Structures are given as structure tokens and as C-alpha cells.
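Notes follow once the structure below has been shown.
Put into C-alpha cells, the structure is as follows:
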């Protein structure tokens, strides 16, 4: 350093000035980029990175940690996906252990084997294997999806002939309008059949489990239409998607500012909800909201949440629901309760006239315009005033009479 200074002095004032500028530049460089002042040199020191000025042993630590993390992820993935132990198919649901995948949108049981089901609650697969029905799942997977899927619960306590007529009614209607059909024995979801709950499921609430299964079986389908097996579609020329699933048509049918429980209750349907926000379409009876026939949007944010809340053990174990009159009393009561206490559900629900979704044999004592008239869409084979379940033989007789009067062309 001293020799450099002597040379600069010998060069005169100009040499001293250039020397000072060199020192200032070096000091500025190290003050900004170096971690400590070691030498007034712009050259990298031995053992240090030429770009960062840090020792390699410091820079290599994050690199090593990254490599270790990647190796750990690879190790876990090998054990997660490469295990040779027993595995359930990746698309199972509700504890299903056997799965069929179909590209046909018409899924329903073979009633030719109903005796087998009644005896052991098993079903026979196409390969001849007999499996437990409640842990078997049949899924629809296709790029071409129907807009609407009819969901049909089947009670094996009914005569086989009756069930065949009901399935044929739904199948003919679905094929005519390009819809899908999902029919299952309802006892697959009743009692202790559900493995995802520690509480027995009543036959009424089993219908909601069926709806949840249908939502999974037909992923990507826009709407699910639940229609009870004690109802028959009387007008096959009417496409429900044209009548209720377009904003322009639904706007004119929504019953606004109506009491949830007629003739008067504190909670009413909303006055100004736009039709394009509706995700749940129902009718009413004398006791409140009816679950005989309803349309539900098949999405996770509304449809999925509603179904999961509806079947929650804490919700359906409420004793007050079981004292509700009517064949569908408990789930009618539970839904009526939900829409009164949860604005998030009510704000996306539309009540429509019975003639557009389901009508009854007679009129209500409280709510009028429930009775079926010629030209109406769907007939429920029960009376709206019946407080208990109707004998099966009476329902069979009502079905035969209705089939003779329905409009097919």
C-alpha cells in the first residue's frame, strides 16, 4: 500500500487524485456487498463465491436440505402408491369395496335377481360374483353427460311388478329427454348399512344418503331430480329442464313471500332472489316443505353441503322430527327446519306450484292447489292429508289406474 502511495505521489497531483478515487470505489463496493471489511480489493477472496461473496459451505446448506426433502417425498410416494396390500378403488365412496363403471347413464338394479336381494341383500355382478349390495357402487363415467339425472329409491318390500313399472316409467321419460337415471334399493342405506356413521339410519333419511351417492355416481351432472317411487310421471311430453331449469321460465313460477309452514309462519320465502341463483326447487304441503319431489343442483358448494348437513347424525337424531305427521314426516320436518334457520339454504331455494313438480290425489286442508288435475306433470299416489304410510296393495292399485290415464304422446 505504501509503495503504491509513493508512486502516486511521484506522479504528481493527478496521480494522488486517481489513487483516492480507487480507494473510494473499493470502499463503496465492500460497504454494499461484503459482509465484513477484509481487503480493499474488488477481486473475490479465496474460498468464496464469485457472485455472492459467501463461502460455499454456507451456500450449500439450502441445496442439501432441498435434495433431502425431495428424496423424502419420493420415498413416501413409493410406499403410498406401490404397496401391494389390499386397496379400495380410488373412486369408492361411502365404504364401497366393489365398483362397476358404466358409460350408460341408466343405472338401476336387475329386478330378475330381487329374490336374491331380499334373501341376503347381495347382488350378482356381470362376472357372476355375488357381493354385498350396500358396499357395491356403480358409477357413470363418460365425456357426454346428461343435464338431469332422475334419482329413484326402490323399496324391495313392494311387489316386483310394481317396481318394474316404476323403473320403466322413469326410464322411458329419461330416454325421451336425454336425461339419466339412478335407481338403488333404499335398504342399502338404511339401518347400520352406512359405514361412515355410528348411528342407524331410518328408511326416510336413507333417501338422502341415496341422493348423496347419486351425486357422486354422476359427477359433473348439473341437476339431480329426486322423485319418490310412489309417484308417476303423468306427462312424458314435458321436459323438466325446459319448465323449471331456465331462468326465464322459473322466474314466473317462483312463489315469493310465502310462509314456509302454511297458513302463516314468521319465516317466508324471499321476495327478490333472482331465478339464476336458485339451486334447490321444491313444493309445499300442509306441513311445510315436501320432499316427495325436488330438484337439487349437483355442486359441492350448495348441493354437497346441503346433503351432508341433512344427514348429519346430530341433525337427524332430533326427536322432534320423528313426531311429524305423514309418510315422509321426518325428512319433511328436518328440511322445513333447515330452511327456517339457515338463510344460506333458504336464499337459494325456490318453491313452485305443485302442478309443475308433484301434485296429490286430493287438495290440502290448509294449502290449496295441491290436487292433481289433468295436464299436470307428476302424480303422487298418496293423499296429501295422510298421516301414516299407505298399505302397499292400495298404492299398487293407484299406480295401475294412473298408468291408464297418463299422457305419453
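Residue numbers (the numbering used here): 6 to 414. Where a beta carbon is used, it is the ideal one built from N, C-alpha and C, also for glycine. Being a predicted model, the structure only gives us computed values, none of them experimental.
Close beta carbons around residue i, own chain, < 6 Å, minus the five adjacent residues each side
i	result
residue 61	Here the model assigns residue 61 a pLDDT of 48, short of 50, so the residue's position is not dependable and the matter cannot be decided.
residue 419	The first residue shown for the chain is 6 and the last is 414, placing residue 419 beyond what the model contains.
residue 349	none
residue 280	252, 255 and 256
residue 101	140 and 142
residue 75	none
residue 385	236, 297, 363 and 365
residue 225	150
residue 400	235 and 386
residue 408	none
residue 87	Residue confidence for residue 87 is low, a pLDDT of 43 falling below 50, so the modelled location carries little weight and cannot support an answer.
Beta-carbon separation (whole angstroms), residue i vs residue j, contact threshold 8 Å
i	j	result
residue 193	residue 139	4 Å
residue 296	residue 340	6 Å
residue 402	residue 389	Wrong, their Cβ atoms sit about 18 Å apart, outside the cutoff.
residue 236	residue 356	Between residue 356 and residue 236 the Cβ distance is about 18 Å, and since that is not below 8 Å, they are no contact.
residue 361	residue 258	6 Å
residue 111	residue 176	6 Å
residue 367	residue 376	5 Å
residue 3	residue 232	Because the chain here runs from 6 to 414, residue 3 falls outside it and cannot be looked at.
residue 154	residue 130	23 Å between Cβ atoms; not a contact.
residue 312	residue 217	5 Å
Proximal residues to residue i (C-beta, below 8 Å), its chain only, five neighbours per side dropped
i	result
residue 268	371 and 372
residue 273	262, 263, 264 and 265
residue 119	161, 165 and 168
residue 344	265, 272, 294, 350, 351 and 354
residue 127	121, 135, 136, 137 and 138
residue 116	165, 168, 169 and 172
When the options are compared against residue i, the one with the closest alpha-carbon
i	options	result
residue 146	326, 106 and 389	106
residue 221	74, 309 and 406	309
residue 109	179, 351 and 383	179
residue 196	154, 317, 205 and 355	205
residue 104	136, 119 and 377	136
residue 302	246, 317 and 271	246
residue 365	379, 298 and 387	387
residue 358	133, 217, 286 and 114	286
residue 173	142, 239, 134 and 299	239
residue 227	276, 300 and 244	300
residue 182	188, 163 and 152	152
residue 304	323, 284 and 290	284
residue 379	223, 72, 77 and 412	412
Buried or exposed by the 16-neighbour rule on C-beta atoms within 10 Å, applied to residue i
i	result
residue 260	exposed
residue 381	buried
residue 167	buried
residue 292	buried
residue 33	Here residue 33 scores only 43 on pLDDT, less than 50, and its place in the model is too uncertain to base an answer on.
residue 54	Because residue 54 carries a pLDDT of 45, less than 50, the predicted location of this residue cannot be relied on, and the following value inherits that uncertainty. So residue 54 counts as exposed.
residue 95	With a pLDDT of 40 at residue 95, under the threshold of 50, the modelled position of that residue is not reliable, and the figure given next carries that caveat. Flag for residue 95 reads exposed.
residue 114	buried
residue 335	buried
residue 90	Residue placement at residue 90 cannot be trusted, given a pLDDT of 34 that sits under 50; what the coordinates show is reported in the next sentence. Looking at its Cβ environment, which holds fewer than 16 other Cβ atoms inside 10 Å, residue 90 is exposed.
residue 398	exposed
residue 124	exposed
residue 72	exposed
residue 415	Because the chain is modelled from 6 through 414, residue 415 falls outside the range shown and cannot be assessed.
residue 337	buried
residue 323	exposed
residue 290	buried
residue 77	exposed
Boundaries of the alpha helix (DSSP H) in which residue i is found, first to last residue
i	result
residue 253	252 to 258
residue 167	165 to 182
residue 327	324 to 327
residue 418	What is shown of the chain runs 6 to 414, which leaves residue 418 out entirely.
residue 343	334 to 346
residue 280	Careful: residue 280 lies outside any alpha helix (DSSP H) and carries neither H nor E.
residue 303	Note, residue 303: premise wrong, no alpha helix (DSSP H); not H, not E.
residue 142	From DSSP, residue 142 is part of no alpha helix (DSSP H) but of the beta strand (DSSP E) over 141 to 145.
residue 385	Taken as a continuous stretch (DSSP letters only), residue 385 belongs to no alpha helix (DSSP H), being part of the beta strand (DSSP E) at 383 to 385.
residue 121	119 to 125
residue 313	310 to 315
residue 359	359 to 362
residue 248	245 to 249
Residues near residue i by beta carbon distance below 7 Å, same chain, minus five either side
i	result
residue 191	158, 159, 160, 208, 211, 212 and 215
residue 234	157, 158, 159, 160 and 171
residue 321	210 and 339
residue 27	Residue placement at residue 27 is flagged as unreliable, the pLDDT there being 49, under the threshold of 50; the coordinate-derived value follows with that caveat. Once the five neighbours on either side are set aside, residue 27 has no close Cβ partner at all.
residue 97	Annotation note: pLDDT 44 at residue 97 (below 50); position unreliable, coordinate value reported separately. Closer than 7 Å at the Cβ level, and outside the excluded window around residue 97, lie 104 and 142.
Below-9 Å beta-carbon distance, residue i vs any chain C residue
i	result
residue 248	Among the chains in the structure shown there is no chain C, since it carries only a single protein chain.
Start-to-end residues for the beta strand (DSSP E) that takes in residue i
i	result
residue 187	185 to 190
residue 231	228 to 232
residue 409	Where residue 409 is concerned, there is no enclosing beta strand (DSSP E), although the alpha helix (DSSP H) it sits in stretches over 397 to 410.
residue 158	153 to 159
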